[in-house]
Amino acid sequence: MRDLLGLYPEEIFEIVKTLGDKPFRAKQILKWMYQKGASDFSEMTDLSVDFRSRLSSKARISRLTPERVTRTGKGDGLAGAEKYGGETIKFLFRLDDGEAIESVIIPDGRKRTLCVSSQVGCPLGCAFCLTGRMGFVRNLTCAEIVGQVIAAGKYLSGPGDEERGEEENISNIVFMGMGEPLLNYDEVARAVDVISANWGLEFSWRRITLSTAGIPEAILRFGTERSVNLAVSLNAPDDETRDSIMPINRRYPLKELLAALKSYPLKKGRRITLEYVLLKGINDTEDHAVKLARIISGLKVKVNLIPFNTYPGAVFERPDDERISRFQSILIGSKVNAIIRKSRGGEISAACGQLATGKTAK
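Mapped onto the UniProt record's numbering, the consecutive letters of the sequence shown carry residue numbers 1 to 362.
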């Protein structure tokens with residue numbers, strides 16, 4: 001049975017065609033799925049009962065429902081968003097095959113950024129990331145990626161949707177959850193299309209960010225095909241340090257990665273975000289800061305400094321505030337736009353590098 005969630009309009013049209021109905025039915029189905037949030041054909045009341053019956057024999061609309069919702073200061077619950085203010089909200093979704101993924105809503109003023117996963121686990125094994133300790137299970141489908149966005153939006157709606165302010169909607173989407181998005185290229189690309197299309201969820205490309213550990217050819221391809229924002233998990237200014245914490249660097253060393261960033265087709269007014277997780281005694285010295293400023297000189301980038309978010313069993317530590325500030329000062333003194341990112345959700349294991357479902361963790 002075909003899952004309609006994640007299909008392009010022409011693919012839904014072909015299904016409608018095989019059922020002997022008119023092409024405009026595809027547009028109606030799309031509107032019900034994405035604008036009205038329908039998850040069952042019985043809700044599509046402007047389609048005939050007969051057509052809905054025939055459609056349900058050939059297709060379905062998958063939906064993710066949170067198995068567990070954890071909110072900062074609120075414990076677990078599935079009762080809806082209520083008035084959560086500046087809370088970080090973490091979702092655990094159980095997939096059809098029994099595997100699980102996590103997504104997180106991160107507040108920032110009036111913004112609500114949804115961090116989505118692209119894989120169950122991750123094959124890259126970055127030493128500081130809890131997801132990497134899970135190992136790799138499988139890629140997510142487009143429907144499972146888009147389903148996270150729809151489910152999070154429904155949770156925020158909660159009871160009393162008509163009174164919900166604009167600030168309580170999801171404002172931005174970042175592919176920074178579990179997995180390496182560019183190793184699931186086709187499904188992630190399709191998901192971005194569905195999320196951004198006027199027939200889909202209608203998020204502007206400017207409100208979508210793809211984060212990668214650094215796969216040069218895929219970075220350039222994605223940037224050419226889809227004008228979303230790019231974030232790169234850099235974390236070291238030299239190959240020796242990066243090799244020790246990010247095994248992918250042994251395949252794609254810094255020289256290749258930086259060349260790709262230099263050639264990246266940036267839209268006017270945009271910059272690439274470089275994520276730099278600060279690990280005590282590993283990549284946080286003044287020398288590291290000087291080297292970092294040097295290797296990114298001339299690139300249109302901004303640097304997010306992320307003090308390490310610990311977790312049970314972690315072998316790394318967070319540098320002290322003085323060391324973090326000194327690192328930032330050196331970058332700023334070298335005319336690098338560098339900010340220290342405030343960690344959110346650490347108390348519920350929802351901060352950067354802390355996502356892991358526990359089922360396959362090792």
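Backbone N, C-alpha and C fix where the C-beta goes; we use that ideal spot for every residue, glycine too.
*Selection from Thr212, Asp50, Ile89 and Ile150 that minimises the alpha carbon distance to Cys122*: Thr212
*asked:* Quick test of your reading: Val116 and Arg138, contact by CB under 8 Å. State the CB separation rounded to the nearest angstrom.
replied: Contact flag wrong, Cβ pair sits at about 16 Å.
_Using the Cβ count rule (16 or more neighbours within 10 Å means buried), how would you classify residue 369?_
The first residue shown for the chain is 1 and the last is 362, placing residue 369 beyond what the model contains.
*Are Cys142 and Ile245 closer than 8 Å when you measure CB to CB?*
no
_Candidates Asp40, Leu220 and Tyr155, of which the one nearest Lys90 by Cα_ = Tyr155
*Looking at C-alpha atoms only, which residue of Ser118, Glu144 and Leu230 is the closest neighbour of Lys267?*
Leu230
*On the three-pair Cβ rule with 8 Å, is the stretch 247-262 touching the stretch 206-224?*
Yes: the two stretches touch, three or more of their Cβ pairs being nearer than 8 Å.
*For Asp3 versus Arg60, is the C-beta spacing smaller than 8 Å?*
yes
*Ordered along the chain, which non-local residues of its own chain (more than five positions away) have a Cβ less than 8 Å from that of Leu30?*
Closer than 8 Å at Cβ, skipping near neighbours: Pro9, Ile12, Trp199 and Gly200.
*Taking the CB atoms as reference points, tell me whether Leu278 and Pro312 lie closer together than 8 Å.*
no
*asked:* Between Asp50, Leu257 and Phe136, which has its C-alpha nearest Val16's C-alpha?
replied: Asp50
*Since Ser103 sits in a beta bridge, which residues does DSSP pair it with?*
Phe91
*For Arg226, collect the residues of the same chain with a Cβ closer than 6 Å to its Cβ; drop the 5 residues on either side in sequence, then sort them by chain order.*
Val192
*DSSP three-state call for Ile173: helix, strand or coil?*
Strand, per DSSP.
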